[in-house]
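In this note's numbering, the protein residues as written are 41 to 149. For glycine and all other residues, C-beta sits at the position ideal for the given N, C-alpha and C. These numbers were taken from a predicted model, which means no experiment stands behind them.
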């Protein structure tokens with residue numbers, strides 16, 4: 041069953057999706073238009089199984105949508121607002137403190 045998530049849950053889903061470099065690359069690729077598992081795997085230099093697992097995660101988080109097309113499945117970013125948000129996010133300048141020591145901080149791990 042699909043549900044509309046509250047804003048904090050949406051941010052958590054996006055954060056989890058972007059926390060993995062492969063999922064981030066898939067999302068960035070899908071900014072240019074729909075993708076298919078075999079083509080995404082080839083373009084990213086990954087196995088189709090690996091890409092399919094990441095696509096399932098992204099779909100489960102509600103960030104991408106799957107559309108069957110015969111024997112293939114097309115994947116798109118699920119919402120134009122998300123596409124716009126990702127485009128704006130990658131234009132942001134983020135300064136990271138190299139001395140950060142916050143427990144649980146991904147940049148400190």
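*What do you reckon, are the CB atoms on residue 71 and residue 117 nearer than 8 Å?*
The answer is yes: Cβ separation under 8 Å.
*asked:* When you compare the CB of residue 135 with every CB in chain D, is at least one pair closer than 8 Å?
replied: The structure shown has no chain D; it contains just one protein chain.
*Identity of the residue in 90, 76, 138 nearest residue 110 by Cα*: Nearest of 90, 76, 138 to residue 110, Cα basis: 76.
*Cβ-Cβ separation, residue 67 to residue 126 (assumed contact under 8 Å), whole Å*: The distance from the Cβ of residue 126 to that of residue 67 is about 6 Å, consistent with a contact at the 8 Å cut-off.
*asked:* With H, G and I counted as helix, E and B as strand and the rest as coil, what does DSSP make of residue 138?
replied: Note: residue 138 maps to coil in three-state DSSP.
*Where do the N-terminal and C-terminal ends of the alpha helix (DSSP H) with residue 49 fall, by residue?*
Here the alpha helix (DSSP H) through residue 49 covers 47-58.
_Rounded straight-line distance, which links the Cα of residue 93 to that of residue 78_ = When the Cα atoms are used, residue 78 and residue 93 turn out to be separated by approximately 12 Å.
*Apart from the five residues just before and just after residue 113, which ones in its own chain have a Cβ nearer than 8 Å to its Cβ?*
Residues 76, 77, 106, 107 of the same chain have their beta carbon placed closer than 8 Å to that of residue 113, with the five preceding and five following residues left out of the count.
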